[in-house]
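Inspection log for the structure reproduced underneath, given as structure tokens.
Residue numbers (the working numbering), protein chains in the order written: chain Z, 471 to 583; chain R, 77 to 186.
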């Protein structure tokens with residue numbers, strides 16, 4: 471069964487460092503997303519991406535965040551200068567269409583120290 | 077008012093019993109609705125989409141009430157493996173953004 475894959479599963483970084491989280495969405499999906507979940511809190515939307523551009527972003531997704539689809543398979547989330555409050559589980563998701571089911575990767579646990 | 081609101085539980089359910097819970101959503105323009113389950117520190121996994129007419133998938137039944145803006149999930153013949161947090165999820169806009177409830181915890185006991 472096709473699945474969304476994310477790497478790494480866990481990343482520890484020092485405050486102020488840049489991190490890149492990687493995702494390979496399901497191959498025939500056209501819509502890509504990043505969500506995050508701070509421990510003990512609900513899943514929050516960060517950004518949606520379609521046709522090689524951001525279609526929507528949340529207030530959380532400030533200038534420190536960027537997304538890219540560098541080739542036909544990868545979808546990355548970059549945080550330029552990490553803060554302690556960026557510590558969370560980051561989930562990548564993809565869907566065939568914008569109102570169909572989204573499938574989530576297993577997540578990257580980011581710990582900023 | 078929260079965009080998607082759920083009773084956090086926990087719902088403690090004896091194995092074999094039936095459990096049901098709801099969620100409410102605030103955006104009347106929402107078009108797509110889903111139930112996901114999430115195990116501790118894992119990713120949300122799609123349980124089922126929710127259709128206007130209501131739908132059933134094995135032991136799981138979902139209902140949508142647009143007039144009252146709530147969605148329900150019923151689990152029959154609960155199994156120990158049903159223990160999880162159930163996330164009510166609403167498609168918030170035309171770009172696929174999903175709004176998540178905080179989840180309802182279900183604990184099935186032997």
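Think of the CB as a built atom: it goes at the ideal place given N, C-alpha and C, for glycine as much as any other residue. Bear in mind that the values here come from a model prediction, so they are computed numbers and not experimental data.
- Taking C-beta to C-beta, are residue 133(R) and residue 124(R) nearer than 8 Å? Looking up residue 133(R) in the second chain gives position 57. Looking up residue 124(R) in the second chain gives position 48. Yes, the Cβ-Cβ distance between residue 133(R) and residue 124(R) is below 8 Å.
- Let me know the secondary structure DSSP gives residue 133(R) once reduced to three states. Sequence index remark: in the second chain, residue 133(R) carries index 57 (1-based). Three-state result, residue 133(R): strand.
- Task: Determine the burial state of residue 484(Z): buried for a count of at least 16 other Cβ atoms within 10 Å of its Cβ, exposed for fewer.
- Result: In the first chain, the residue the question calls residue 484(Z) occupies position 14. Residue 484(Z) comes out exposed.
- Query: In chain R, which residues lie less than 9 Å from residue 569(Z) when you measure between Cβ atoms?
  - Reply: Within the first chain, the letter at position 99 stands for residue 569(Z). Those within 9 Å of residue 569(Z) in chain R are 107, 108, 167, 170, 172.
- With a cut-off of 8 Å on the beta carbons, I'd call residue 535(Z) and residue 549(Z) a contact; round off their distance for me. Working through the first chain from its first residue, we reach residue 535(Z) at position 65. Working through the first chain from its first residue, we reach residue 549(Z) at position 79. 6 Å between Cβ atoms; contact.
- Query: Which class does residue 500(Z) belong to by DSSP, given the choice of helix, strand or coil?
  - Reply: Along the first chain, read from residue 1 onward, the residue named residue 500(Z) stands at position 30. Coil, per DSSP.
- Message: So the candidates are 169(R), 182(R), 183(R); which of them puts its Cα closest to the Cα of residue 109(R)?
- Response: One-based indexing of the second chain puts residue 109(R) at position 33. Nearest in C-alpha terms to residue 109(R), of all of 169(R), 182(R), 183(R), is 169(R).
- Query: If you drop the 5 nearest sequence neighbours on each side, which residues of the same chain put their C-beta closer than 7 Å to that of residue 184(R)?
  - Reply: On the second chain, position 108 is the one that residue 184(R) refers to. Within the same chain, residue 184(R) has close Cβ partners 89, 91, 154, 155, 156, 158, 159.
- Query: So what does DSSP say about residue 123(R), is it helix, strand or coil?
  - Reply: Your numbering for residue 123(R) matches position 47 in the second chain. Three-state result, residue 123(R): strand.
- Relative to the ligand PLP, is the shortest distance from any of its heavy atoms to the C-beta of residue 104(R) smaller than 7 Å? Ligands displayed in this structure: none; no statement on the ligand PLP is therefore possible.
- Item | Residue-level contact to chain R via CB, residue 575(Z), 8 Å cutoff | Counted from its first residue, the first chain places residue 575(Z) at position 105. Yes - at least one Cβ of chain R is within 8 Å of the one on residue 575(Z).
- Item | Bounding residues of the beta strand (DSSP E) (the contiguous stretch that carries residue 111(R)) | By one-based count along the second chain, residue 111(R) stands at place 35. Its beta strand (DSSP E) spans residues 108 to 114.
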